[in-house]
Amino acid sequence: MAVCIAVIAKENYPLYIRSTPTENELKFHYMVHTSLDMVDEKISAMGKALVDQRELYLGLLYPTEDYKVYGYVTNSKVKFVMVVDSSNTALRDNEIRSMFRKLHNSYTDVMCNPFYNPGDRIQSRAFDNMVTSMMIQVC
Amino acid sequence: MEAAAAAAAAAAAAAGGGCGSGPPPLLLSEGEQQCYSELFARCAGAAGGGPGSGPPEAARVAPGTATAAAGPVADLFRASQLPAETLHQITELCGAKRVGYFGATQFYIALKLIAAAQSGLPVRIESIKCELPLPRFMMSKNDGEIRFGNPAELHGTKVQIPYLTTEKNSFKRMDDEDKQQETQSPTMSPLASPPSSPPHYQRVPLSHGYSKLRSSAEQMHPAPYEARQPLVQPEGSSSGGPGTKPLRHQASLIRSFSVERELQDNSSYPDEPWRITEEQREYYVNQFRSLQPDPSSFISGSVAKNFFTKSKLSIPELSYIWELSDADCDGALTLPEFCAAFHLIVARKNGYPLPEGLPPTLQPEYLQAAFPKPKWDCQLFDSYSESLPANQQPRDLNRMEKTSVKDMADLPVPTQDVTSDDKQALKSTINEALSKDVSEDPATSKDSNSLKARPRSRSYSSTSIEEAMKRGEDPPTPPPRPQKTHSRASSLDLNKVFQPSVPATKSGLLPPPPALPPRPCPSQSEQVSEAELLPQLSRAPSQAAESSPAKKDVPYSQPPSKPIRRKFRPENQATENQEPSTAASGPASAATMKPHPTVQKQSSKQKKAIQTAIRKNKEANAVLARLNSELQQQLKEVHQERIALENQLEQLRPVTVL
Numbered sequence: 009m010a011v012c013i014a015v016i017a018k019e020n021y022p023l024y025i026r027s028t029p030t031e032n033e034l035k036f037h038y039m040v041h042t043s044l045d046m047v048d049e050k051i052s053a054m055g056k057a058l059v060d061q062r063e064l065y066l067g068l069l070y071p072t073e074d075y076k077v078y079g080y081v082t083n084s085k086v087k088f089v090m091v092v093d094s095s096n097t098a099l100r101d102n103e104i105r106s107m108f109r110k111l112h113n114s115y116t117d118v119m120c121n122p123f124y125n126p127g128d129r130i131q132s133r134a135f136d137n138m139v140t141s142m143m144i145q146v147c
Numbered sequence: 019m020e021a022a023a024a025a026a027a028a029a030a031a032a033a034g035g036g037c038g039s040g041p042p043p044l045l046l047s048e049g050e051q052q053c054y055s056e057l058f059a060r061c062a063g064a065a066g067g068g069p070g071s072g073p074p075e076a077a078r079v080a081p082g083t084a085t086a087a088a089g090p091v092a093d094l095f096r097a098s099q100l101p102a103e104t105l106h107q108i109t110e111l112c113g114a115k116r117v118g119y120f121g122a123t124q125f126y127i128a129l130k131l132i133a134a135a136q137s138g139l140p141v142r143i144e145s146i147k148c149e150l151p152l153p154r155f156m157m158s159k160n161d162g163e164i165r166f167g168n169p170a171e172l173h174g175t176k177v178q179i180p181y182l183t184t185e186k187n188s189f190k191r192m193d194d195e196d197k198q199q200e201t202q203s204p205t206m207s208p209l210a211s212p213p214s215s216p217p218h219y220q221r222v223p224l225s226h227g228y229s230k231l232r233s234s235a236e237q238m239h240p241a242p243y244e245a246r247q248p249l250v251q252p253e254g255s256s257s258g259g260p261g262t263k264p265l266r267h268q269a270s271l272i273r274s275f276s277v278e279r280e281l282q283d284n285s286s287y288p289d290e291p292w293r294i295t296e297e298q299r300e301y302y303v304n305q306f307r308s309l310q311p312d313p314s315s316f317i318s319g320s321v322a323k324n325f326f327t328k329s330k331l332s333i334p335e336l337s338y339i340w341e342l343s344d345a346d347c348d349g350a351l352t353l354p355e356f357c358a359a360f361h362l363i364v365a366r367k368n369g370y371p372l373p374e375g376l377p378p379t380l381q382p383e384y385l386q387a388a389f390p391k392p393k394w395d396c397q398l399f400d401s402y403s404e405s406l407p408a409n410q411q412p413r414d415l416n417r418m419e420k421t422s423v424k425d426m427a428d429l430p431v432p433t434q435d436v437t438s439d440d441k442q443a444l445k446s447t448i449n450e451a452l453s454k455d456v457s458e459d460p461a462t463s464k465d466s467n468s469l470k471a472r473p474r475s476r477s478y479s480s481t482s483i484e485e486a487m488k489r490g491e492d493p494p495t496p497p498p499r500p501q502k503t504h505s506r507a508s509s510l511d512l513n514k515v516f517q518p519s520v521p522a523t524k525s526g527l528l529p530p531p532p533a534l535p536p537r538p539c540p541s542q543s544e545q546v547s548e549a550e551l552l553p554q555l556s557r558a559p560s561q562a563a564e565s566s567p568a569k570k571d572v573p574y575s576q577p578p579s580k581p582i583r584r585k586f587r588p589e590n591q592a593t594e595n596q597e598p599s600t601a602a603s604g605p606a607s608a609a610t611m612k613p614h615p616t617v618q619k620q621s622s623k624q625k626k627a628i629q630t631a632i633r634k635n636k637e638a639n640a641v642l643a644r645l646n647s648e649l650q651q652q653l654k655e656v657h658q659e660r661i662a663l664e665n666q667l668e669q670l671r672p673v674t675v676l
């Protein structure tokens, strides 16, 4: 369903990025990178005083012809970016939200692992499996 | 053996020449013939199952009617490490399905097809005409089933020799003999396993190896190795599930062939290396106790990390092992989780590849149900006597229903912080556990697990209190999220007394799971000269503590460089926030109590609350002080290392400058 999923650290470097191998992966990497600007915009737009009430789900960051990019930020400024195929019109907002929630939970599990140093690339197999399950194309 | 070989060879020749309508005649080379006949003899002999050794029985069997039992054949095929579909194809092609048994012809054809598949050729009848290398079989060690051993004799068989590294000594902290025993215990397990397995056949080659293992105190060498073979799960065939799935699938397929398979399939978990024996279990439990005296509470992540790092496995592997064993993903290990993790580490060190998923024998429910610890009953009841109803205690002790005891031991942990639901659940499960048999215990253990899983955050507070109270001379192991304790304790009393302190504590004590808590200086009060990090760190958290209450994102002063310190950050942050808040609350409480002399109930409540808070803080302080001293030690060591390195550098420098 998702075409590309990326986990970006607070310092804006990727902790985990994976895309379906059908197309040029570099394009997705670039897309994710450009979407970070949008994420920052949304975060700052919320206002500093409301940081407690800021919602984690950022919604649609920007749509292109072929793809839509969604964003999600955790309380520790770790960002999840998801690129979805535009032809998947059946994907509703709720589904995207639930996918982000699953991502967040898996990320939490990764963090619980004491052998994982925050800031390292995510190499957990459970996380990989979860992302794969979200990225399996029906075709 | 030679008689059997000759008989089987004759059978092969006869069968090969005789079958015209079936598959084309096999042309076996010398080596192939010997290899195949050997394998066939073993399969056929194992099927016999009488006392004595296999080969004489095979000789007894008439050449024309020699059949290999489906069980050992299935194992052999699995050992070839081909995917399940390929094996099915092979069994179909070789004609075993048609005739319903593995005769010599079918068996030989199957072996040839296996060789073909392993060489990458498509599995077809025509493949058997080609010149092929011998099929390769990984040595498999299954519960109560055939072992194909003796690599010296079989040409094509590949053997994976395990390596016992000497680092294991330091890791295990046992003397050599015990170490040998421990590493041999996986060997012993198939022997000690269910008696329904045909023990006779494999005991003969095994007992030789086994006695050798027992007597020798050195490294293993290939001859006794045949008794201790790694089980390589056919990972290529498993579709991500644990190894039992492909095994089961093939078992169901082959069950149609012979009834003997039923006997051997008693134990539903045929993956032997993942089964923990009693000795191993004892050892793991002792290690657990050395880290955490309370057998039914957790080992925190950092403690476990330090401990497992001593095993000298690589960090990604340890990370993966943790992922497998920490079933509820709470960042801490209970006893069964710890045993599973330890066992995986042991297996990995002995050369077994790590499984895709946690094997069923290492699941926490299974471990709890299968390995009760009766001698801990007294300990458990001492600790939890207040939570268990008194009249139930003697009944439990008398009944010695061990698994139910274990469940109850697990259950009180989440109920320390009492909610009515938990108490009711506890009582109901106690009643369940007492009234039902051992067979019902997996259900209750599942209840306990679900109970444990539910109040994940709450159980931390209980363990932290207990740990703080019970901590003796053990090194302090602060639980991962103790802030909740402090926050709750502080919110109890300080909320009433000193309002502004609450946001400060809250802001500092937020433990969102993906959050990187700020890095306060662990030894803020002590002057450490050479660490430039520390003064910076101390400045940062002190700023944080004094900053506005609404500010949630404390500035991160340094990129994470020392993971150990980071773990202790939360408590430090907590205590730092505690100290200003308790200091503030002290005079505040005194102030509030004076103008209300008449409202004595409130003041006494506040007193009690404050006293409990003070007590808890003192305990936390003690823990942290010990922690502090440990960290100081580490710091000194690191400092010395650094000095040594700098000296070396100085020595080298003049050489290069020239």
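In order, the protein sequences belong to chains A and B. Under the numbering used here, the first residue of the first sequence carries the number 9, and numbering increases by one thereafter. Under the numbering used here, the first residue of the second sequence carries the number 19, and numbering increases by one thereafter. Built from N, CA and C at the ideal position, the CB exists for glycine as well.
Distance, residue j Cα to residue i Cα
i	j	result
residue 132 of chain A	residue 138 of chain B	32 Å
residue 287 of chain B	residue 379 of chain B	Legend: pLDDT at residue 287 of chain B = 48, less than 50; position of this residue unreliable, value from coordinates given subsequently. Taking the straight line from one Cα to the other gives about 7 Å.
residue 139 of chain A	residue 13 of chain A	8 Å
residue 63 of chain A	residue 105 of chain A	12 Å
residue 658 of chain B	residue 307 of chain B	32 Å
residue 161 of chain B	residue 303 of chain B	Note that residue 161 of chain B scores 41 on pLDDT, short of 50, meaning its location in the model is unreliable; the coordinates nonetheless yield the value given after this. For residue 161 of chain B and residue 303 of chain B, the distance between alpha carbons rounds to 24 Å.
residue 106 of chain B	residue 54 of chain B	19 Å
residue 31 of chain A	residue 129 of chain A	23 Å
residue 48 of chain B	residue 59 of chain B	16 Å
residue 625 of chain B	residue 638 of chain B	19 Å
residue 21 of chain A	residue 384 of chain B	42 Å
residue 653 of chain B	residue 621 of chain B	45 Å
residue 648 of chain B	residue 655 of chain B	11 Å
residue 84 of chain A	residue 42 of chain A	20 Å
residue 100 of chain A	residue 107 of chain A	11 Å
residue 127 of chain A	residue 17 of chain A	7 Å
residue 643 of chain B	residue 628 of chain B	22 Å
residue 37 of chain A	residue 316 of chain B	41 Å
residue 665 of chain B	residue 327 of chain B	29 Å
residue 89 of chain A	residue 121 of chain A	23 Å
residue 330 of chain B	residue 336 of chain B	9 Å
residue 76 of chain A	residue 10 of chain A	10 Å
residue 360 of chain B	residue 98 of chain B	29 Å
Paired residues, beta bridge with residue i - DSSP
i	result
residue 22 of chain A	A:16
residue 88 of chain A	A:15 and A:80
residue 632 of chain B	None; residue 632 of chain B has no bridge partner.
residue 350 of chain B	B:318
residue 115 of chain A	The partner list for residue 115 of chain A (beta bridge, DSSP) is empty, contrary to what the question assumes.
residue 27 of chain A	A:12
Supposed close pair residue i, residue j - CB separation, criterion 8 Å
i	j	result
residue 354 of chain B	residue 311 of chain B	Actually they do not touch by this definition, with Cβ atoms about 17 Å apart.
residue 339 of chain B	residue 309 of chain B	Contact flag wrong, Cβ pair sits at about 16 Å.
residue 319 of chain B	residue 345 of chain B	That belief does not hold up - the Cβ atoms of residue 319 of chain B and residue 345 of chain B are roughly 14 Å apart, past 8 Å.
residue 376 of chain B	residue 358 of chain B	7 Å
residue 74 of chain A	residue 94 of chain A	5 Å
residue 47 of chain A	residue 81 of chain A	6 Å
residue 109 of chain B	residue 128 of chain B	7 Å
Partners in chain A for residue i, counting only beta-carbon separations shorter than 7 Å
i	result
residue 343 of chain B	Near residue 343 of chain B there are no residues of chain A at all, since even the closest Cβ is about 10 Å away, more than 7 Å.
residue 322 of chain B	122
residue 347 of chain B	117 and 120
residue 333 of chain B	123
Chain A residues whose Cβ lies nearer than 8 Å to that of residue i
i	result
residue 337 of chain B	121, 123, 124, 131 and 132
residue 363 of chain B	By Cβ distance, chain A contributes nothing, its closest Cβ being about 12 Å from residue 363 of chain B, past 8 Å.
residue 292 of chain B	Result: empty, since nearest Cβ-Cβ is about 17 Å, beyond 8 Å.
residue 319 of chain B	120, 121 and 122
Within chain A, partners of residue i - CB distance below 9 Å
i	result
residue 121 of chain B	By Cβ distance, chain A contributes nothing, its closest Cβ being about 43 Å from residue 121 of chain B, past 9 Å.
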